[in-house]
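J.: Got a structure for you, written out below as structure tokens; questions coming shortly.
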Amino acid sequence: MIGRERLWDTLGKMVQSSPADHTEAVFVGVESGLTRFANNYIHQNVAETNSKTYFRVALGRKIGVAATNAFSLNSLKQALKNALQIARNQQENPYFKGIPGQAAYPQLDTFDEKTARFTPRQRASKLKTIFKKAANKNMALAGSFSSGAGELVVINTAGVTAYQPFSSAATAVIAMTDTSSGYAQGLSRRVGDLDIRAIATKAIDRAHRCRNPKEMKPDQYEVVLEPAAVASLLEWISYIGFGSKAFQEETSFMAGKIGQKITGDQLTIYDDATDQAGQAFPFDFEGVSKRKVELITQGVARSVVYDSLSAAKENKASTGNALTPDASGEGGIALNLFVEGGEDSLDDLIGGVENGLLVTRFHYINGYIDTPNAVLTGMTRDGLMRIKNGKLRGGVKNLRFTDSMLRAFSDIRGITAGRELVSSWWDALGCITAPAVRLGSFKFTGKTDF
Amino acid sequence: MHPFPGKTMKDKLKTTIDYLKSRGVNYGDIRYVRAETESIHLTDETVDTLSKDIDQGFGIRVIADGAWGFASSSICTAAEMRKVAHRAINIARASAMTKKADVRLAEAKPQSGTYATPFDSDPFKVRLKPKIDLLLQVNKILKKDKRIKVAESSMGFFRMHQVFCSTEGAEIEQDILQSGAGYTATAVEGSEVQKRSYPNSHGGDFGTGGYEIVERMNLLDHAERVREEAIALLSAPPLPAGRRDIVIGGSQMALQVHESCGHPTELDRVLGTEISLAGGSFLQLDKLNQLQYGSRIVTIVADATVPGGLGTFGYDDEGIPARRDLLVREGLFVGYQTSRETALAVGRTSSGAMRADGWNRLPLIRMTNINLEPGSAEFDDLLADTDGGLLLETNKSWSIDDQRLNFMFGVEIAWDIKNGQKGQIYKNPLYTGITPEFWNSCDAICNEKYWHVWGVPNCGKGEPMQTARVAHGTAPARFRNIEVGVTK
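Protein chains in written order, with our numbering: chain E, 1 to 450; chain F, 1001 to 1488.
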């Protein structure tokens, strides 16, 4: 960790020295460790110290971006020079209206010293206890346990001077028998909040209950999707639908549908990096303050998320969802997704199903098939269970689903009050906070051998 | 003048190796990497990405107390290297708290050598203006019809200087250069969205080499066809569900090989060490030399020596010289992609498949160029011999289970094959199958005239996530009685 004062001082001087009309520096630094395990031992164990400094400059409306991961004065100067050279060779971007200006940020607790200092030996100690527990039950555990910290800085010539440190810890555990597997996961800004034993116990219990899975034919079934399953669907739904690029290019299922009902009444999805219940963060990579953005409210399409460039195309303000400067062509992306909880418990949801399936999570989802209809395909994984007359009736061999999520989420029959934080593609700067959801029907289109 | 400070860096690396030896590690290696990337992306007539990235650092991998540790840093000073070496040893000792047996490595002769990608034209010396102008021309052609809502084109260039030293005495320097380009037309009408791409989807095609790779693509020559096919798809019917004989085009065959042969033959997956994210493999050890993976015409190799492949290099990240190994011989499953550690599980030496996504990532077993050997068919003859079948081209979506058995692929376009010609087109085509059943239904592969090494620059694996640049040499091939159009 370099620290606020040195970062502000060094990058501030760089930005001020730039001859461009607009200059922005974005710094992301990380010190992290990750321990991977399989067959009840640690087989990979890594640590990384890294940073990246991006310069985005504009000469009039010509934008150039360059980056370096060396935090030395010479390297930073070279990167700024590269950005200027690129800008000189650029075309004008007609949507560029300047870089975002000074903003007030919410005060958020995003850093935990204990998590930042958590050691490989501490991770190994915790894992050793769950390996023993699994071995006693004749099971093998696989998974990962990460911990670390970082700092994000945005400084620009429009008055933004933003700094925020952050920490994060995550674990995922798969328990395996000869014929089955179970899964559980945890994520927090504070490593002390991760109950590794409880997470492992949940995975072990599911693997045990799914031994000798039976085959079910692919068909439409009522389903209860656990939080990790809901989150993995939402990850793709967001990618193909909630970003400004897909919306403006009209490939999104939200395009032309704002104000219209697109799912069942019970579904409310929003992006909110200011909610400390998730992996909160006060500003985006342009230094724009984060705020709550309603995406789908009670089944009605409300909005997508924007960075400053994509917002300008619609004469709107950024919603605080910019990515790093090198990815500005991607538009805004929702990094802090929430599905609003309901009033049920998981037992309530299962208890209401006459003949259906409980899905722990999905594997290798793909959402490019038919984006206007939000058609996704993917496989179930790690603990698919039969529900019969409101009771869990053992494991089921994995199935492939292929379905429109707009159709599937049009018949929501229950949502849990409890929600889980689930890791996603964007790691420590966001997550998906999801409940379990009961759906009236879900199309399974294929099967596999395990 | 060499653009990278290799010699000075190599001295620092060797000093660090001496330090590791003095600490009594079982094994140690250090890898310095300096990578440079230039990215250009245009949407319509706007250059929305034009960036240059320089990334450097080093990673140290050790076996201490019989267990692995890895630490890395972007601060490339001798003092930092010693500090990180110390950290790697401590991490290994933490790993050792749970070890079941000491890590062992298959024998490998320590290599001293250099390798550099051959190229004609350094893409980093080609000015930005002609690159941007070419992509602008492409987008203008694509946008000539107002139903093309978005025209996207891009180029990407990557070069890497790498120095590798080990406690066993290896000293290797490599310079890798990669180039690529591509474009996509997105047609929109009402709630219908269709895409066509050239030369491949998801960013185009890539290889090791210089700007000549982009020039050989003749990007402008295909833009009108791509535009018209995207527009035609807007009014095309969906592919009816059923069972059909299918001919799969070369670029989609590349992804088919990637997902259903490349990944399941990675021995780390087979041994369970990738279960936590990517999954395992149905090609368990008892299947080696026993399973009829495909039909007799199916031969698949891992070949890091093929010229121009995105997975072509001089040495892998354990210092093993690039090599060619059989994975499937005349349909029989005969080989895995391995590391020095995993190769012992099958009584072999490393296949030279250990590669890392930069200095800050641990090398994993990654595909090199996983190639389906060409067959004997002429493409026109194959169509003439597949009456009532389908021709499927250009990947759109991909999904496969965590043991790599049940797969489903979507492609951009399908044609009925009638009287040896392409007929009716279909939108949103999907096909699905079970890997060994599918490959055993392969009864024709086009010959070397139609064989091309397709670059796949975005293969994800590992935790933290690593993106590998791999490739697949493929030609169009035919598969009998395949389930298609399964969304309804």
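Glycine included, each C-beta is placed from N, C-alpha and C at the ideal position.
Bear in mind the structure is a predicted one, so any value in this text is a computation, not a measurement.
1) Excluding the 5 residues preceding and the 5 following E:R206 in the sequence, name in chain order all residues of the same chain whose CB lies nearer than 6 Å to its CB.
2) Flag F:S1251 as yes if its beta-carbon sits less than 8 Å from any beta-carbon of chain E, otherwise no.
3) Are the C-beta atoms of F:M1001 and some chain E residue less than 8 Å apart?
4) Whole angstroms is fine: what's the gap from E:V173's alpha carbon to E:Q91's?
5) Can you check whether the C-beta of F:T1008 is within less than 8 Å of a C-beta belonging to chain E?
6) Indicate the three-state DSSP secondary structure (helix, strand or coil) for E:V293 in the structure shown.
7) Using only alpha-carbon positions, find the residue among F:L1013, F:P1476 and F:L1042 that is nearest to F:M1155.
8) Consider the Cβ of F:F1157: report whether some Cβ of chain E lies at a distance smaller than 8 Å.
9) For the candidate residues F:I1320, F:A1377, F:N1360 and F:I1370, whose alpha-carbon lies nearest to that of F:I1297?
10) Under a Cβ-count criterion, where at least 16 other Cβ atoms within 10 Å of its own Cβ denotes burial, should F:L1285 be classed as buried or exposed?
11) Expressed to the nearest angstrom, what Euclidean distance is found between the alpha-carbon atoms of E:V451 and E:A231?
12) State yes or no: is the beta carbon of F:K1143 nearer than 8 Å to at least one beta carbon in chain E?
13) If we call anything under 8 Å between Cβ atoms a contact, is E:L127 one with E:I42?
14) Going residue by residue through the stretch 1354-1435 of chain F, where are the continuous alpha helix (DSSP H) segments of at least 4 residues, counting only ones entirely within it?
15) Could you give the DSSP three-state label for F:L1174: helix, strand or coil?
16) Please confirm whether F:H1161 has its beta-carbon closer than 8 Å to some beta-carbon of chain E.
17) Rounded to a whole number of angstroms, what is the C-alpha to C-alpha distance between F:G1204 and E:D195?
18) Kindly indicate which residue of F:S1179, F:L1382 and F:D1401 has the alpha-carbon position closest to the one of F:N1419.
19) Does the CB of F:E1378 have a neighbour CB from chain E at under 8 Å?
20) Give the DSSP bridge partners of F:Q1337, in chain order.
21) For E:P120, collect the residues of the same chain with a Cβ closer than 8 Å to its Cβ; drop the 5 residues on either side in sequence, then sort them by chain order.
22) Would you say F:F1004 reaches chain E, if we count a Cβ-Cβ gap shorter than 8 Å as a contact?
23) Please tell me whether F:Y1027 and F:I1063 are closer than 8 Å, where the distance is taken between their beta carbons.
24) Is the stretch 1249-1267 of chain F touching the stretch 18-28 of chain E, taking contact as three or more C-beta pairs under 8 Å?
25) So E:E249 contacts chain F; which residues on that side make the cut at Cβ distance below 7 Å?
26) Answer yes if the stretch 1084-1104 of chain F comes into contact with the stretch 1118-1134 of chain F, meaning at least three C-beta pairs across the two stretches below 8 Å, and no otherwise.
27) Is E:D219 helix, strand or coil by DSSP?
28) With distances taken from CA atoms, which of F:G1455, F:W1415, F:I1482 and F:V1484 is nearest F:H1472?
29) Using a cut-off of 8 Å between C-beta atoms, extract the partners of F:R1521 located in chain E.
30) With distances taken from CA atoms, which of F:I1400, F:T1015, F:G1331 and F:A1345 is nearest F:V1169?
31) Please compile the residues from chain F whose C-beta is within a distance smaller than 8 Å of the C-beta of E:L384.
32) When you compare the CB positions of E:V305 and E:S244, do they come within less than 8 Å of one another, or not?
33) Alpha carbon to alpha carbon, how far is E:N136 from E:S125?
34) Can you find at least 3 beta carbon pairs, one from the stretch 1209-1222 of chain F and one from the stretch 1330-1339 of chain F, that sit closer than 8 Å?
35) Please determine, among F:Q1466, F:D1402, F:P1429 and F:V1411, the residue with the shortest C-alpha to C-alpha distance to F:A1254.
36) Flag this pair as yes or no: are the beta carbons of E:Y364 and F:K1396 separated by less than 8 Å?
T.: This is what the structure holds:
1) Correct list, in chain order: G182 and G383.
2) No - not a single Cβ of chain E is within 8 Å of the one on F:S1251.
3) With a pLDDT of 37 at F:M1001, under the threshold of 50, the predicted position of this residue should be treated as unreliable, and no value is reported.
4) 49 Å
5) Not flagged as an interface residue toward chain E: F:T1008, since no C-beta distance is shorter than 8 Å.
6) In the structure shown, E:V293 sits in a strand (DSSP, three-state: E or B).
7) F:L1042
8) It does not; no Cβ of chain E falls within 8 Å.
9) F:A1377
10) exposed
11) With chain E covering only 1 through 450, there is no way to say anything about residue 451 of chain E.
12) Judged by the 8 Å Cβ criterion, F:K1143 is not in contact with chain E.
13) yes
14) 1379-1384
15) Checking the sequence, you will find Gln at residue 1174 of chain F rather than Leu. Here F:Q1174 sits in strand by DSSP.
16) no
17) 45 Å
18) F:L1382
19) no
20) F:E1266
21) G33, T35, N45 and A47
22) Note that F:F1004 has pLDDT 43, beneath the 50 cutoff, so the model's placement of it is unreliable and the number below is only indicative. In terms of beta-carbon proximity, F:F1004 stays away from the interface with chain E, with every pair separated by 8 Å or more.
23) yes
24) no
25) K1149, V1150 and T1186
26) no
27) DSSP places E:D219 in coil when its eight states are reduced to three.
28) F:G1455
29) Only positions 1001 to 1488 of chain F appear in the structure, and residue 1521 of chain F is not among them; the question remains open.
30) Here residue 1169 of chain F is Gly; the residue named in the question, Val, does not match the sequence. Of all alpha-carbon atoms in F:I1400, F:T1015, F:G1331 and F:A1345, the one lying nearest the alpha-carbon of F:G1169 is that of F:T1015.
31) In chain order: nothing, as chain F lies at least about 12 Å away.
32) Cβ distance < 8 Å, so E:V305 and E:S244 count as in contact.
33) 17 Å
34) no
35) F:V1411
36) no
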